[in-house]
Every structure is written in C-alpha cells, then in structure tokens.
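Taken in sequence, the protein lines are chains R and S.
Per this note's numbering, the first sequence starts with residue 482, numbered consecutively.
Per this note's numbering, the second sequence starts with residue 7, numbered consecutively.
Ideal placement from N, C-alpha and C gives every residue a C-beta, glycine not left out.
Computed from a prediction, not measured in an experiment: that's the story for all the values here.
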Amino acid sequence: MAHSNADTGSSSAERTLTMARAGREAVFSEMRRNPNMFLIGEDIAKLGGVFGTAVGMADEFGIERVIDTPISETGFVGIATGAAMAGMRPIVEIAFVDFIGVCFNQIFNFAAKTHYMSGGQYKVPMTFMIGYGGGYNDAAQHSQTLFATLAHVPGIRIVTPADAYDAKGLMHTCLRDDNVTVWMVHKRLWGLGWLGFPLPKALSRVPEADYTVPLGQSRVWREGTDLTLVGLGLTVHNSLQAAEQLASQGISAEVLDLRSVVPLDRDGIFRSVAKTGRLVVADEDYLSFGVTSEVLAVVAERDPSVLKAAAVRVAYPDVPVPFSRPMEEACLPSVERILAAARSVMNGSKR
Amino acid sequence: MSVDIVVPEELWGDSLEGVMLTWIYQDGATVQKDQVIGELMVEKAQLELHAPATGRLRILTAPETVVGRSHVLGRIEPT
C-alpha cells in the first residue's frame with residue numbers, strides 16, 4: 482500500500498518513467514555525489530539539451546558545471562579528455578552520434594588509449610551521452626547509429642538501454658566507471674513527444690534509489706524455444722513485436738537484448754542460440770563489419786553445429802541514410818523485415 | 007474536496023492544444039503536492055505536470071490524447 486511521506490515530499494508509489502527522465506535522474510544523482518563531475522556540450526545549459534538530456538541541470542549545478550560550448554565537438558571532447566586525465570569526471574553530451582566524425586582523434590587516440598599509453602598512470606573517466614538512429618526524415622548526417630565505428634577501437638565501453646530501468650542503471654554504471662564509456666540512446670526510445678509517443682515497453686518502473694546495471698550482461702525480454710531474435714535499443718522493441726506475431730503462428734521466439742555492445746555478452750548470445758538453434762540479429766547500424774556480424778561470429782567460433790538453419794542479419798543496408806521518407810522506411814530494421822527474416826530462418830535448413 | 011489537474015495557463019503560450027504523453031503514477035496512487043506526476047507536450051516543448059494537492063491520483067486523460075487549454079487531465083482526491 483502506498484503511504485504518504487510528507488517530510489521528504491516523495492511518495493512510495495511506484496513510478497513509471499520515460500527513458501529521458503530515468504537517464505537524467507542518474508546524472509542528477511551522480512552530479513550531486515561528485516563535485517568533480519561536470520557536463521559539457523552544445524545547447525545543454527540554456528536549452529537543456531536538444532533531446533532534453535540536461536533539463537534543469539544548469540539551474541541546480543550552475544553554468545560552471547553545465548557548460549554550453551560553441552559548435553566544436555573537436556574542442557569540447559578534447560577539453561573533456563584532458564579534464565578527465567587531470568582528475569575530473571566529465572560527461573560529454575553529443576545530440577547526434579553523426580557528429581563524432583570530427584573528434585575521432587580525440588576519442589580514438591587520446592580518450593581511449595591514454596590509460597594504456599601512460600602505463601596506467603592516467604585514468605580517463607569520461608562518459609559520452611549520445612543520441613542515434615533514424616526514422617525522422619533527417620537524412621544521411623543526422624540519422625546514423627555507428628555502434629561499430631566506436632566499438633572497433635579498444636578502450637571504449639558502449640551501452641544502449643532499451644527501457645527506462647536500464648537507462649538509469651546503465652547511466653549510473655557508466656558514470657562510476659573509470660574508463661571511457663558511451664551511453665547511447667535511440668531517439669525513438671527517449672519518450673519525447675516530438676520524436677514519437679513513448680513506446681509502452683520503453684517506459685518502465687524505476688526505483689528512486691540509485692542502482693547499477695552491469696556492463697556486458699544481456700537481458701532476455703521474452704523466453705522462447707524455436708529461434709533467438711537478438712536486438713539492441715530500438716530493435717529490441719521491433720523484435721518483441723515480431724515475436725508476438727510469430728507466437729500467434731505457433732513459433733516461439735526468444736528476444737535477447739544485448740544492452741552492451743562493448744563488452745559484448747558472448748556467453749549470453751551463445752547460450753540462447755544453443756538452446757533455440759536459430760538466429761536472427763537486428764541492428765540499425767550498417768550491415769557490414771557491424772554488431773550483427775560480431776553476433777554471428779560468436780556462434781561460428783564457438784560451435785556452428787548448434788544452428789539448425791543459416792543465421793540471418795537484419796541491419797541497415799550499406800548505403801547513406803536516404804532523405805526520402807519511403808526509401809528511409811525501407812532501409813530501417815522494421816518489424817516486417819525481422820518477421821521475414823524469422824520466417825526464412827524457420828523454413829531454412831542447414832546447408 | 008478533489009482538485010482538478012489542469013495545465014497552468016502561463017505554460018500554454020500561444021498554443022491552443024497539447025498532447026498528453028505519460029503519467030508517472032498509476033491511477034489511485036497517493037501523490038504529494040508539487041510532485042511531478044506526468045508529462046505533456048505543447049508544440050515541441052515537454053511540460054511537467056505537478057500535483058496541485060496531496061491525495062489520490064485519478065487519471066481522466068489517456069496518453070496520446072489531444073487536449074485543449076481548459077481540459078481537466080485528472081483529479082486529486084482526498085485520501
């Protein structure tokens with residue numbers, strides 16, 4: 482039973498939060514605990530972030546800890562990297578992952594490698610907070626996903642929550658980690674009305690107290706026996722919808738959410754595929770050299786004989802994101818494409 | 007006496023309508039005055055709904071419903 486707690490102004494009633502609100506709650510909490518933590522990026526102090534990531538933070542922490550920068554990712558990622566080496570704990574806000582292109586040298590050669598290059602003398606405890614994904618008619622430079630681009634370079638940890646509970650828990654984990662961490666969220670999952678109504682399953686019960694979600698641990702959203710649908714971020718939700726339709730046709734699909742790209746839960750992937758014998762992987766990043774390839778490699782390297790049929794990847798075709806709405810829609814890893822892949826895997830046999 | 011939950015006049019700006027997005031607490035939950043209990047979108051701005059009183063939340067407007075300026079979104083009933 483809910484009971485009132487007038488002294489603290491809080492309620493013991495359970496809360497259902499959007500991912501935006503849950504992620505922000507973790508940042509507020511860690512900023513309060515840690516005076517060395519600060520937030521830096523474009524339009525965060527005055528506007529509160531293009532996607533509302535920093536709403537209210539400048540009011541509470543002041544503009545010295547919530548720093549609005551010019552449009553210069555190279556500059557402020559460099560500032561944050563240096564500050565992290567000097568003992569601060571910066572959070573870098575980049576609204577669109579597409580923009581990291583201009584700061585590859587800072588990220589790949591300094592942030593990711595200084596701990597190693599200095600023989601462990603310098604830690605680089607910084608967290609990137611990045612939005613990604615398409616479906617908004619935003620064309621090729623504001624719609625990408627780019628997990629693999631970041632994941633390919635050793636030294637960078639990458640997570641992408643699919644609901645509010647994980648958004649908060651993974652944010653706490655990232656902000657407490659002493660390495661470079663990248664917390665990435667698909668725009669469609671945020672729960673901002675102008676990016677689409679909150680998906681029901683992205684909203685979840687979120688405790689008020691701090692908690693962490695471990696890196697490298699996948700999550701089974703739905704158990705199944707006939708095939709495994711692997712997804713991450715938005716493709717978890719598309720896979721869940723596909724699994725529901727498959728169930729009505731008597732096919733039992735397991736839905737596995739990777740949650741972390743790096744470290745990747747290879748044991749969890751193999752465990753599920755060994756159980757079901759069939760695999761479809763859905764990802765909004767480009768097809769070639771991406772997360773989908775890495776998931777298939779896990780099975781190929783450990784024991785491909787567990788597969789009853791050839792595995793299928795549902796990813797972004799290797800083309801720039803089209804501006805045209807129907808062309809973009811055709812490229813996205815939709816429920817329909819996942820269903821078609823699942824059916825072909827169910828009909829297929831081992832060659 | 008129950009208290010209506012409406013969007014404060016000053017938050018509307020020039021807009022005539024908005025859309026209910028989410029309720030943070032379930033129907034029947036006990037909430038405290040001034041707590042954030044839901045979110046609403048007007049134009050591209052996300053607005054927070056605060057509880058106008060302490061009491062039991064009664065939800066009258068489902069998410070994704072388009073609402074006008076004087077729409078009663080819900081009520082706070084005495085516990």
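Taking the C-beta atoms as reference points, Arg759(R) is found nearer than 9 Å to Ala792(R).
Note on the region 535-610 of chain R: whole alpha helix (DSSP H) runs with a minimum of 4 residues are 538-542, 554-566, 595-598, in chain order. Of the candidates Gly601(R), Glu765(R), Ile548(R), Val666(R), the residue whose Cα lies closest to the Cα of Gly504(R) is Val666(R).
Below 8 Å, too few C-beta pairs join the region 617-635 of chain R and the region 722-736 of chain R to call them touching: fewer than three. Distance check between Met518(R) and each of Phe509(R), Leu715(R), Tyr797(R) places Phe509(R) closest, using alpha-carbon atoms only. One thing to note: Gly533(R) has its Cβ within 9 Å of the Cβ of Leu673(R). Within the region 18-36 of chain S, those residues whose Cβ lies closer than 8 Å to any Cβ of chain R are, in chain order, Val25, Leu27, Thr28, Trp29, Ile30, Tyr31, Gln32, Ala35, Thr36. Residues of the region 501-527 of chain R that bring their beta carbon within less than 9 Å of a beta carbon in chain S comprise Ala501, Arg502, in sequence order. For the region 655-678 of chain R, the set of positions with a beta-carbon nearer than 8 Å to some beta-carbon of chain S reads Gly672, Leu673, Gly674, Trp675, Phe678 in chain order.
Against chain R, the beta carbon of Met7(S) has no neighbour under 7 Å; the closest one sits roughly 18 Å away. Contact of Ala494(R) with chain S is assigned, a C-beta pair being separated by under 9 Å. In the DSSP assignment, Gly749(R) falls outside any beta strand (DSSP E) and lies within the alpha helix (DSSP H) extending over 747-757. Checking the DSSP bridge columns, you'll see Val736(R) partnered with Arg703(R), Leu710(R).
Within the region 28-67 of chain S, complete beta strand (DSSP E) segments of at least 3 residues are found at 42-48, 51-56, 61-65, given in chain order. Within chain S, the C-beta atoms nearer than 7 Å to that of Leu498(R) come from Ile30, in chain order. Taking C-beta separations shorter than 6 Å and ignoring five residues to either side along the sequence, the partners of Lys668(R) in its chain run Gly612, Gly614, Leu676, following chain order. In the three-state scheme derived from DSSP, where H, G and I count as helix and E and B as strand, Ile11(S) is classed as strand. Only residues of its own chain outside the window of five on either side were considered, and among them Asp644, His718, Leu721 have a CB closer than 7 Å to the CB of Lys682(R), listed in chain order. Annotated three-state conformation of Asp766(R) is strand, per DSSP. Tyr767(R) and Asp799(R) do touch by the CB rule: their CB atoms are close to 5 Å apart, below 8 Å. Closer than 9 Å to the CB of Leu680(R) there is not a single CB belonging to chain S. By the CB criterion at 9 Å, Ala690(R) and Pro635(R) fall outside the cutoff. Between the region 741-756 of chain R and the region 697-715 of chain R there are three or more inter-stretch CB-CB distances shorter than 8 Å, so the stretches are counted as touching.
For Pro84(S), not one C-beta of chain R is nearer than 9 Å to its own C-beta. Close partners of Gly530(R) in chain S (Cβ separation under 7 Å) are lacking, with about 11 Å as the shortest Cβ gap. At a C-beta separation below 7 Å, Pro14(S) has no neighbours in chain R, since its nearest C-beta there lies roughly 17 Å away. The three-state secondary structure of Glu506(R), taken from DSSP, is helix. Taking Gly650(R) as the centre and dropping the five residues before and after it, the same chain places the C-beta of Tyr692, Thr693, Val694 closer than 7 Å to its C-beta, in chain order. In the three-state reduction of the DSSP assignment, Gly19(S) falls in the coil class. Counting only the Cα atoms, Val573(R) lies some 16 Å from Pro516(R).
Contact of Pro69(S) with chain R by beta-carbon distance below 8 Å involves Phe678, Pro679.
Using a CB distance below 9 Å, the part of the region 531-559 of chain R facing chain S consists of Gly533, Val536, ordered along the chain.
Shown here for Pro642(R): same chain residues with a beta carbon closer than 6 Å to its own, the five before and five after excluded, namely Ala648, Leu651 in chain order. Residue pairing from DSSP leaves Ser815(R) without any beta-bridge partner. Of Ile552(R), Asn828(R), Glu541(R), Asp658(R), the smallest CA-CA separation from Asp524(R) is found for Ile552(R).
DSSP places Leu673(R) outside both helix and strand once states are collapsed to three, so it counts as coil.
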